[in-house]
Amino acid sequence: MNPITIRRSSASDAPELRRLAELDSARPLAGRALIAEHGGHPVAAVSLDDRRSIADPFLPTANVVEMLLKLAS
Numbered sequence: 008m009n010p011i012t013i014r015r016s017s018a019s020d021a022p023e024l025r026r027l028a029e030l031d032s033a034r035p036l037a038g039r040a041l042i043a044e045h046g047g048h049p050v051a052a053v054s055l056d057d058r059r060s061i062a063d064p065f066l067p068t069a070n071v072v073e074m075l076l077k078l079a080s
C-alpha cells in the first residue's frame with residue numbers, strides 16, 4: 008500500500024474517524040490523533056493521548072499502525 012500520507016487530525020476528521028472505528032469494531036478515538044491516509048482516505052489512526060489505534064481491517068495496515076505508534080511516542 009503506497010503512498011501513505013501521515014498528518015494530525017482536525018475537527019473535520021471526526022466523521023471519517025468514526026467510520027474507521029466502526030470498520031474496526033472499536034470505539035472512536037477522542038482528542039488528538041495521527042491519521043494515515045491512502046488515496047485521500049484514512050486507513051489507520053492513533054490517539055496522541057492514549058496511543059489507542061484504529062485501522063481498516065480490510066487493508067494491510069499492521070505496518071502503518073506500527074509506524075503511527077512510533078511517531079506518536
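Here my numbering is used: the first residue of the sequence shown is 8, the next is one more, and so on. Just so you know, even glycine gets a beta-carbon here, dropped at the ideal spot from N, CA and C. Everything numeric in this text was worked out from a predicted model, so none of it was measured.
How about residue i and residue j: do their beta carbons lie closer than 8 angstroms?
{"i": "Asp63", "j": "Arg39", "result": "no"}
{"i": "Leu83", "j": "Ala52", "result": "Lying before the first or after the last residue shown, residue 83 is absent from the chain, which here runs from 8 to 80."}
In chain order, what residues of the same chain lie with their CB nearer than 8 angstroms to the CB of residue i, ignoring the 5 residues before and after it?
{"i": "Asp31", "result": "Ile61, Ala62, Asp63, Pro64"}
Within a Cβ cutoff of 6 angstroms, which residues of the same chain sit near residue i, ignoring the five residues on either side of it in sequence?
{"i": "Pro49", "result": "Glu23, Leu27, Ile42"}
Rounded to the nearest angstrom, what separates residue i and residue j at their Cα positions?
{"i": "Ile13", "j": "Asp20", "result": "13 angstroms"}
{"i": "Arg59", "j": "Ala69", "result": "14 angstroms"}
{"i": "Leu78", "j": "Arg15", "result": "11 angstroms"}
{"i": "Val71", "j": "Ala33", "result": "17 angstroms"}
{"i": "Arg25", "j": "Glu73", "result": "20 angstroms"}
{"i": "Gly47", "j": "Ser17", "result": "15 angstroms"}
{"i": "Glu29", "j": "Ser80", "result": "25 angstroms"}
Around the Cβ of residue i, are there at least 16 other Cβ atoms within 10 angstroms (buried) or fewer (exposed)?
{"i": "Ser54", "result": "buried"}
Return the bridge partner residues of residue i from the DSSP annotation.
{"i": "Pro64", "result": "Pro64 pairs with nothing; no bridge assigned."}
{"i": "Val53", "result": "Leu41, Ser60"}
{"i": "Ile13", "result": "Ala43"}
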